[in-house]
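Undergrad: Numbers given in our numbering equal positions in the sequence shown, counted from 1, plus 9.
So that we are looking at the same thing, I have put the structure below in structure tokens.
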Amino acid sequence: MALIDKIRNFLTEPPLPPFLLQITANRLTGLRVKAGASQENRYFILPLEAGLLEPSAEKSNLLEPPKLKSLIEQGLRKIGGLQSDLSLLLPEACFRLFIFTAENLPSSTQEKLALIKWRLKKLYPLIPDDFRFDFQTWRLNSSLRVLVAGARASIIEEYEKLLAQAGCRVRVIGLPTIYLLPLVEEPDYLLVNVERDYLALLVSLNHVPLLYRMKSFRWERGTDLKQTSLAEIENTLHFIEDKEKRQIRKIYLRWAVEDEVARVLTDNLEQAGLEVRPLKTDRFAGFRKEERILLAPLLGQIANKEK
10 MALIDKIRNF
20 LTEPPLPPFL
30 LQITANRLTG
40 LRVKAGASQE
50 NRYFILPLEA
60 GLLEPSAEKS
70 NLLEPPKLKS
80 LIEQGLRKIG
90 GLQSDLSLLL
100 PEACFRLFIF
110 TAENLPSSTQ
120 EKLALIKWRL
130 KKLYPLIPDD
140 FRFDFQTWRL
150 NSSLRVLVAG
160 ARASIIEEYE
170 KLLAQAGCRV
180 RVIGLPTIYL
190 LPLVEEPDYL
200 LVNVERDYLA
210 LLVSLNHVPL
220 LYRMKSFRWE
230 RGTDLKQTSL
240 AEIENTLHFI
250 EDKEKRQIRK
260 IYLRWAVEDE
270 VARVLTDNLE
280 QAGLEVRPLK
290 TDRFAGFRKE
300 ERILLAPLLG
310 QIANKEK
């Protein structure tokens, strides 16, 4: 299956493969979609040592493929996922994702793609020749919101080849933050997804994605993560208030780093008059709270199919 088909599958809700895998800069998580007799063997969470991969949208990611492959096999073996079809969530930094507004789009697919490619080149003038993308649209009031997601074929292929060496077939490729959306019930909110190496923010109005931003970290300490996250959240809320004339008061926070820092950040946000809520993962029985936070992008894929 070509990369563009996998991205299109991701955006248009394909059939869910039986196994789900997420790779981040410092962690592997995996989940079997169907619960079995043993909850312990339904999922895995494995830490990654520094130096195995370096997420990037422009250059090769895998620094130590044999070591990473061995850990992937270890995790998939636990949940019975070797030699299987799976959905693969890659580090957010592997992708380019943006949302733009249009009154209308051309009627033909070719013209739509040409317009989006023009918008892409305005944002990323040096976009590589092997960049592949797809899009999805929503109507909000009198305008269209167009979400575009894409990646370099060469970067995706190196992950696919690694999984193929473990006997697995990648059927869907996606971004973690997008799969957190099914775990949010409100129509208007700011979703904040913090991993060890990045912060992603997505604003929704009337269940329509309005703004997406991603900031990479350079392995800051916990205090720096909190301060950076707080500043980015405040800047995003001010931008939406100025541009859209709307106030967002609800923050859905996934903090997949130090728990103590999350509590401090939550206190700071609540003191600013914001309402901080956790993602709706409590209906997934058999997982501890901290496990549900780390597994949330995978649980979100299941929740999406159950809607």
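Idealized CB from N, CA, C, for every residue including glycine.
For the segment 68-122, which segments carrying the beta strand (DSSP E) assignment without a break, of at least 3 residues, lie completely within its bounds, in sequence order?
TA: Listed in chain order, the complete beta strand (DSSP E) runs (minimum 3 residues) inside the segment 68-122 are 94-98, 105-111.
Undergrad: Going by the beta-carbon positions, is the gap between G176 and Q92 smaller than 8 Å?
TA: Residue mapping note: residue 176 aligns to position 167 of the sequence shown, counting from 1. Residue mapping note: residue 92 aligns to position 83 of the sequence shown, counting from 1. For G176 and Q92, yes; Cβs fall inside 8 Å.
Undergrad: Counting pairs of Cβ atoms below 8 Å between the segment 45-62 and the segment 151-159, do you hit three or more?
TA: Judged by Cβ distances under 8 Å, the segment 45-62 makes no contact with the segment 151-159, as fewer than three pairs qualify.
Undergrad: Can you find the residues in the same chain that come closer than 6 Å, C-beta to C-beta, to V250, ignoring five residues on each side of it along the sequence?
TA: For this step, residue 250 is matched to residue 241 along the sequence shown. Before going on, a small fix: residue 250 reads as Glu here, not Val. Excluding sequence neighbours, E250 sits near Q256.
Undergrad: Please say whether V217 and W147 have beta carbons closer to each other than 8 Å?
TA: As a working note, residue 147 is residue 138 in the sequence shown. As a working note, residue 217 is residue 208 in the sequence shown. In this structure, V217 lies closer than 8 Å to W147 by Cβ.
Undergrad: Buried or exposed for S238, going by 16 or more other Cβ atoms inside 10 Å?
TA: Start at 1 with the first residue of the sequence shown, and residue 238 comes out as number 229. By the 10 Å Cβ count, S238 comes out buried.
Undergrad: Could you pull the DSSP bridge partners for S163 from this structure?
TA: Locating residue 163 in the sequence shown gives position 154, where the first residue counts as 1. Answer is none; S163 lacks a bridge partner.
Undergrad: Just grab the DSSP bridge partners of E284 for me.
TA: By one-based count along the sequence shown, residue 284 stands at place 275. BP columns for E284 point to K259.
Undergrad: My output table needs one value for N50: the three-state DSSP class, helix, strand or coil.
TA: On the sequence shown, residue 50 is found 41 positions in, with the first residue counted as 1. The answer is coil: DSSP assigns N50 none of H, G, I, E or B.
Undergrad: Taking the C-alpha atoms as reference points, what is the distance between A66 and R128?
TA: Position 57 of the sequence shown, counted from the start, is the residue given in the question as residue 66. Position 119 of the sequence shown, counted from the start, is the residue given in the question as residue 128. Going by the C-alpha atoms only, they are around 18 Å apart.
Undergrad: Does the separation of the CB atoms of E243 and L208 fall below 8 Å?
TA: Residue mapping note: residue 243 aligns to position 234 of the sequence shown, counting from 1. Residue mapping note: residue 208 aligns to position 199 of the sequence shown, counting from 1. Result no, Cβ atoms of E243 and L208 do not sit closer than 8 Å.
Undergrad: In the DSSP assignment, find the beta strand (DSSP E) that holds I32 and state where it starts and stops.
TA: By 1-based counting over the sequence shown, the position of residue 32 is 23. Start and end: 28-32.
Undergrad: Using DSSP's beta-bridge definition, name the partner residues of Y207.
TA: Mapped onto the sequence shown, residue 207 falls at position 198. Its beta-bridge partners are S225.
Undergrad: What residue range does the beta strand (DSSP E) around L37 cover?
TA: In the sequence shown, counting from the first residue as 1, residue 37 sits at position 28. Unbroken beta strand (DSSP E) run through L37: 36-41.
Undergrad: What number of angstroms, rounded off, separates the C-alpha of A44 from the C-alpha of K252?
TA: Working through the sequence shown from its first residue, we reach residue 44 at position 35. Working through the sequence shown from its first residue, we reach residue 252 at position 243. About 45 Å.
Undergrad: Beta-carbon separation of L211 and D197 under 8 Å?
TA: Residue 211 sits at position 202 when you count from the first residue of the sequence shown. Residue 197 sits at position 188 when you count from the first residue of the sequence shown. No, Cβ-Cβ distance for L211 and D197 is not below 8 Å.
Undergrad: Three-state secondary structure (DSSP) at S151?
TA: Counting from one through the sequence shown, the residue named residue 151 turns up at place 142. Three-state result, S151: coil.
Undergrad: If we require 4 or more residues per run, which alpha helix (DSSP H) segments fall completely within the segment 231-255?
TA: As far as the segment 231-255 is concerned, its whole alpha helix (DSSP H) runs of at least 4 residues are 231-253.
Undergrad: Report back the beta-carbon spacing between K235 and L274 to the nearest angstrom; my notes put them in contact at under 8 Å.
TA: Here the question's residue 235 lines up with position 226 in the sequence shown. Here the question's residue 274 lines up with position 265 in the sequence shown. At roughly 5 Å, the Cβ-Cβ gap stays under 8 Å, so K235 and L274 are in contact.
Undergrad: For P185, which residues of its own chain have a beta-carbon under 7 Å away from its beta-carbon, when the five flanking residues on both sides are left out?
TA: As a position in the sequence shown, residue 185 is number 176, starting the count at 1. Hits under 7 Å: Q31, L98, E101, N202, P306.
Undergrad: Might you give, ordered along the chain, the residues of its own chain that have their beta carbon closer than 8 Å to the beta carbon of G282, omitting 5 neighbours on each side?
TA: In the sequence shown, the residue the question calls residue 282 occupies position 273. Answer for G282: R258, listed in chain order.
Undergrad: So, with DSSP's three-state summary, where would you put R178?
TA: The sequence position of residue 178 within the sequence shown is 169, counting from 1. Three-state DSSP puts R178 in a strand.
Undergrad: Whole angstroms is fine: what's the gap from F104's alpha carbon to L308's?
TA: Locating residue 104 in the sequence shown gives position 95, counting from the first residue. Locating residue 308 in the sequence shown gives position 299, counting from the first residue. Approximately 21 Å, taken between the alpha carbons.
Undergrad: Let's test the definition: count the other Cβ atoms within 10 Å of the Cβ of Q310 and tell me whether it reaches 16, buried, or not, exposed.
TA: Indexing the sequence shown from 1 puts residue 310 at position 301. Buried: at least 16 other Cβ atoms inside 10 Å.
Undergrad: Thinking C-beta only, is I88 closer than 8 Å to R51?
TA: Numbered from its first residue, the sequence shown carries residue 51 at position 42. Numbered from its first residue, the sequence shown carries residue 88 at position 79. The answer is yes: Cβ separation under 8 Å.
Undergrad: Less than 7 Å separating the Cβ of S96 from some heavy atom of the ligand FAD?
TA: The ligand content of the structure shown is nil, which means the ligand FAD is not present either.
Undergrad: Excluding the five sequence neighbours on either side, which residues of its own chain have a C-beta within less than 7 Å of the C-beta of L246, listed in chain order?
TA: Within the sequence shown, numbered from 1, the residue matching residue 246 stands at position 237. Within the same chain, L246 has close Cβ partners L199, I257.
Undergrad: State the Cα-Cα distance for the pair K76 and L40, rounded to the nearest angstrom.
TA: Working through the sequence shown from its first residue, we reach residue 76 at position 67. Working through the sequence shown from its first residue, we reach residue 40 at position 31. The alpha-carbon atoms of K76 and L40 are separated by roughly 21 Å.
Undergrad: Using C-beta distances below 6 Å, list every residue in its chain close to A271, excluding the 5 sequence neighbours before and after it, in chain order.
TA: On the sequence shown, position 262 is the one that residue 271 refers to. Same-chain partners within the cutoff: W264.
Undergrad: Between V193, L192, I165, E194, which has its C-alpha nearest R180's C-alpha?
TA: The sequence position of residue 180 within the sequence shown is 171, counting from 1. Per the Cα distances, I165.
Undergrad: Rounded to whole angstroms, how far is the Cβ of R161 from the Cβ of F142, which I believe are closer than 8 Å?
TA: Reading the sequence shown from its first residue, position 152 is the one you call residue 161. Reading the sequence shown from its first residue, position 133 is the one you call residue 142. Wrong, their Cβ atoms sit about 10 Å apart, outside the cutoff.
Undergrad: Using C-beta distances below 7 Å, list every residue in its chain close to V285, excluding the 5 sequence neighbours before and after it, in chain order.
TA: The count along the sequence shown starts at 1 and reaches residue 285 at position 276. The residues are I260, L262, T275, L278, E279.
Undergrad: Within this structure, are the beta carbons of L72 and L80 separated by less than 8 Å?
TA: Working through the sequence shown from its first residue, we reach residue 72 at position 63. Working through the sequence shown from its first residue, we reach residue 80 at position 71. Not a contact, by the Cβ cut-off of 8 Å.
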